[in-house]
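Chains as they are written, first to last, in this note's numbering: chain A, 1 to 395; chain B, 1001 to 1377.
C-beta atoms are modelled at their ideal positions from N, C-alpha and C, and glycine is treated no differently.
Inspection log for the structure reproduced underneath, given as structure tokens.
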Ligand SMILES: Cc1cc2nc3c(=O)[nH]c(=O)nc-3n(C[C@H](O)[C@H](O)[C@H](O)COP(=O)(O)OP(=O)(O)OC[C@H]3O[C@@H](n4cnc5c(N)ncnc54)[C@H](O)[C@@H]3O)c2cc1C
Ligand SMILES: Cc1cc2nc3c(=O)[nH]c(=O)nc-3n(C[C@H](O)[C@H](O)[C@H](O)COP(=O)(O)OP(=O)(O)OC[C@H]3O[C@@H](n4cnc5c(N)ncnc54)[C@H](O)[C@@H]3O)c2cc1C
């Protein structure tokens, strides 16, 4: 057992922090960040993502053959932790790059790798994840968007939903129904790369609870997807999708974002006086913040455990489900507690006069609701832990 | 970062599990609840033969010089088996302070004897005020020639009836701060003037009220410096607290395994109950609690072993594990249905002991306040 980062890893973290200090404006956490999905935000975000690419960080863990540096996966984990801590923009873009690059590296052929990996590494070619459909959410195996084999190409028809960032994406990776007659459900889907500029692709933005429109519906209407865009074995799309959701669930940001909120709340209660007494002297508030710190510590260790499991090439399915479950629910508790502490000010959203801590926690309270749904719901995580981790019988 | 046990630790864990499976079946655990001694001398001997009591003592005192982290792994196994023994009081609560603060003579007098299993010791710290703070120490020790004379009442003293020595925390001077003027004494339990009154406890463990009535202790039996004993306790507390955490981790792991196995076997409505989602979700929550408990404990124990500051981590661990173990037992009971409620079933052994461990060296509320202080509040 050793709970230390190596000197090299610490140095890498310092490098990331230095980078973020330079790239993010000094008032980034105190109200200076542009509102999501505004033109100003997108301009800033594009540049930021490109700068991450320029550092070589998107491709760092890849084989040298494909432009990577074969760096240990720990560095990816540390980068994820820091991005979340500093609320870097568009972390979902970075996550999708991790997923699509893993898809290509593990299942793609040489040509697909050479064609797509450089754009991903550059941080300039955007991807969306076309998994969910109106009739297939948790039950991903039930995907119905059809991909009919027409010889040179597949003809794609149907609808995906919750395709985050589809309105800005150049490409989509999606499991599609290529073999509806296969004997087993798990053999019906194949994984495809779909050019979002293909004729017949339409994207409609959906506005979500917090007022941002980046969730999308994606419609496929007689879209021709060339054969060479089938990734991996035909009929093995479900398997590939499962490998990718494991990556999606294993984020280290689950602990570091609450950590920052905790630190901000500690400062806030020390500075804020009610009836001449600092809020930090209130026993109830002390108890709440202490509990928050303890739960964050548990979360951090569960997250590091996943990173260790990944670094040592063990199966991540159950431990990834544990961090996804604990981390997403923790975020919601942290934010709820934070708002309790802010009292009446908890209503004020970013940009409002008088907003405390830039209104960030109030905004978190709105979008955080999705954390226990996106990437697999808490119920599904519990089932995975119970059946795959503990070996309980399936229904 | 590395979450795996070393090969040596793996061996220690396996040999502990083998030994306890054989020598500490639940029949023994049950028997010891009503046994007058409360532990099995034969098992105690076996434990010392395996070198457990001397695990963390240097070789010159009959030990094998392993780390506190190694010791935690052993204690986890004791907690898993609910091994009834004076191990924690003797080795952790008394052995470690003697190793840390004893004179060469005291170390030679006590440590090899502890390592051999010949000396049983216990800590007489808490009093009827039931606080863990220095302010709770009111038992007085007054100098009289070559001796000190101790008077007053200690409460919640474990295994006092089988101990050869007490480590008594007494007030020798009224200082400016409540931490000042406290002295530790190594007291022979056969000294005249000591009276034991047994307590009846939820865990059916052996705890006592110990009344000291003008008990004479030679000055050479002071551990550490006169009037400056509290720092020894401060040094002990993180170790004792983490030992409790490791013990709870072992218990929680066993409860989880027992429960999952039961859920796989118990059939209702024509199916194993483990196939019902309501049960699966509970098991997933238990697994999360147990993993969290293990890592938060071992991270702190590792820091302690490496000589790093770990006050915050220790309090975080005790606060979390205390409640997680309680939750795990409660969920385990729920999944066991009526049968777990029966004394013949093992579940209840864990449930009752979980409460005792939760209280030992500070419950979650107590440690949350310490956490608050250490995160800048
Ligand atoms: C903010 C956000 C971003 C997203 N981004 C993307 C994206 O980029 N790409 C993408 O493909 N998808 C994305 N998703 C979709 C996400 O993966 C799905 O929402 C999720 O898998 C749940 O599916 P659903 O919404 O259809 O809910 P359903 O599957 O219909 O579930 C509804 C409820 O039923 C429960 N339930 C379902 N099955 C079971 C079961 N077997 N046992 C017990 N309970 C069950 C669920 O836990 C949930 O509480 C996103 C979602 C959100 C909220
Ligand atoms: C103190 C006490 C007094 C009692 N007195 C009496 C009495 O006087 N007379 C009498 O006849 N009985 C009595 N009982 C028995 C009591 O009714 C049963 O214990 C109870 O019905 C549960 O059954 P079980 O213990 O067999 O648990 P099980 O039915 O085996 O249940 C085990 C676990 O599985 C869960 N479970 C079972 N089926 C499902 C499902 N379909 N979906 C989800 N979860 C499920 C249960 O909720 C439980 O958590 C008593 C029990 C106790 C504890």
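query: Assumed close pair residue 1335(B), residue 1279(B) - CB separation to whole angstroms, cut-off 8 Å; result: 6 Å
query: Three or more C-beta pairs below 8 Å linking the region 1141–1152 of chain B and the region 1093–1101 of chain B; result: no
query: Integer-rounded CB distance, given that residue 142(A) should sit under 8 Å from residue 174(A); result: About 14 Å; that fails the 8 Å criterion.
query: Contact with chain A by residue 1230(B), beta-carbon distance below 7 Å; result: no
query: Under 7 Å from the C-beta of residue 382(A): neighbouring residues of chain B; result: 1280, 1281, 1284
query: DSSP beta-bridge partners of residue 153(A); result: 226(A)
query: Nearest candidate by alpha-carbon position, reference residue 1372(B), set 1313(B), 1326(B), 1347(B); result: 1313(B)
query: is_contact[residue 1132(B), chain A] using C-beta, thresh 7 Å; result: no
query: Closer than 6 Å: residue 385(A) CB and nearest ligand 1 heavy atom; result: no
query: Among 1022(B), 1374(B), 1263(B), 1357(B), the one whose alpha carbon lies nearest that of residue 395(A); result: 1263(B)
query: Neighbourhood of residue 1124(B) by C-beta, 7 Å cutoff - its chain only, sequence neighbours within 5 removed; result: 1154, 1157, 1166, 1167, 1168, 1169, 1210
query: Neighbour flag for residue 1272(B) against chain A, beta carbons, 7 Å; result: yes
query: Assigned exposure category for residue 1339(B) - 16 Cβ within 10 Å defines buried; result: exposed
query: is_contact[residue 93(A), chain B] using C-beta, thresh 7 Å; result: no
query: Any non-hydrogen atom of ligand 1 within 6 Å of residue 162(A) CB; result: yes
query: Cβ pair residue 1319(B), residue 1353(B) closer than 7 Å; result: no
query: Below-7 Å beta-carbon distance, residue 1015(B) vs any chain A residue; result: no
query: Strand pairing of residue 129(A), partner residues [DSSP]; result: 173(A)
query: Cβ neighbours of residue 1355(B) in the same chain (closer than 8 Å, five flanking residues each side left out); result: 1202, 1203, 1326
query: Residue 1175(B), enclosing alpha helix (DSSP H) - first and last residue; result: Run containing residue 1175(B): none; DSSP gives neither H nor E here.
query: Span of the beta strand (DSSP E) around residue 1198(B); result: 1194–1198
query: Any chain A beta carbon closer than 7 Å to residue 1001(B); result: yes
query: By C-beta, the residues closer than 7 Å to any heavy atom of ligand 2, given in chain order; result: 1266(B), 1268(B), 1269(B), 1273(B), 1276(B), 1278(B), 1279(B), 1334(B), 1335(B), 1336(B), 1337(B), 1338(B), 1339(B), 1341(B)
query: Proximity test, residue 100(A) beta-carbon vs ligand 1 heavy atom, cut-off 6 Å; result: no
query: 7 Å Cβ cutoff, residue 298(A) in contact with chain B; result: yes
query: Contacting positions in the region 299–320 of chain A - beta carbon closer than 7 Å to chain B; result: 301, 302, 304, 305, 308
query: Three-state secondary structure assigned by DSSP to residue 1058(B); result: coil
query: Where residue 1248(B) meets chain A, residues with beta-carbon distance less than 9 Å; result: Result: empty, since nearest Cβ-Cβ is about 14 Å, beyond 9 Å.
query: DSSP three-state assignment for residue 1285(B), whether helix, strand or coil; result: helix
query: Sequence-distant residues of its chain with Cβ nearer than 6 Å to residue 309(A) (five each side left out); result: 316, 319
query: Chain A within 7 Å of residue 1212(B), Cβ atoms only; result: no
query: Contact list for residue 138(A) against chain B, beta-carbon separation under 7 Å; result: Residues of chain B passing the Cβ test: none, with the nearest at roughly 13 Å.
query: Same chain only: Cβ atoms within 8 Å of residue 185(A), ignoring 5 sequence neighbours per side; result: 141, 142, 238
query: Short Cβ contact (7 Å threshold) for residue 1245(B) with residue 390(A); result: no
query: Proximity below 7 Å, CB of residue 214(A) to CB of residue 37(A); result: yes
query: Buried versus exposed call for residue 49(A) [16 or more other C-beta atoms within 10 Å across all chains shown]; result: buried
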